[in-house]
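Student:
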Amino acid sequence: LQASCSDNVHKVTHIKWRDWPDRVSPNSPLPIVHLLTRMRPLSEKGPIVVHCSAGIGRTGTYCALDYATDKITAASPLSIPKVVKEIRNQRLHSVQSMLQYLYLHVCLLEYLIITKATNRTPQTRKFQRDYEKYLKKFNQRTAK
């Protein structure tokens, strides 16, 4: 989308992700990690706006992941609880559920593997499987 006013032209890239249910998390970390890597070049061209229905759960989780990966890139110390606290200082109740908090960890781990900062190991595979089991149980409980 391009908007023109006099000599100024503003280009807007709109990306909509429909498969992330409210208050829960997707099964796989890959979509959000791929979204994050797709957004990085766009953020160099101007500000990014991220928003879900309430602007706290999915938005907060994405923004926390983005912030955490920025800290990793800058070789800064990383603490996920501190990242979430900083995000919540900017937007109250961000990362709305425990499931989203766990998903943040799963996504960060996948990001580290994809960027070759770490390797996939039996421990990382177990963590992913445990997350998937937890998510399945959660979905079964909430479906009743």
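Just so you know, we're using UniProt numbering here: the sequence shown kicks off at 1 and counts up by one. All residues carry an ideal CB built from backbone N, CA and C; glycine is no exception.
1) Express the C-alpha separation of R38 and H10 in angstroms, rounding to a whole number.
2) Return the chain-ordered list of same chain residues with a C-beta closer than 6 Å to the C-beta of V83, the five sequence neighbours on each side being excluded.
3) Out of P77, K136, Q96, I72, which one is the CA nearest neighbour of T118?
4) According to DSSP, simplified to helix, strand and coil, what is H105?
5) If we count the other Cβ atoms within 10 Å of its Cβ and call it buried at 16 or more, is I32 buried or exposed?
6) Would you mind working out which of N8, V24, T13 sits nearest P41, comparing C-alpha positions?
7) Could you tell me the boundaries of the alpha helix (DSSP H) in which N139 lies?
8) Quick check on the DSSP output: the beta strand (DSSP E) that includes V9 runs from which residue to which?
9) DSSP on S43, reduced to helix/strand/coil?
10) Among residues of its own chain, excluding the 5 on either side of R88, which ones have a beta-carbon nearer than 7 Å to its beta-carbon?
Tutor: Straight from the coordinates:
1) 19 Å
2) A64, Y67, A68
3) I72
4) helix
5) buried
6) T13
7) 122–143
8) 8–11
9) helix
10) S94
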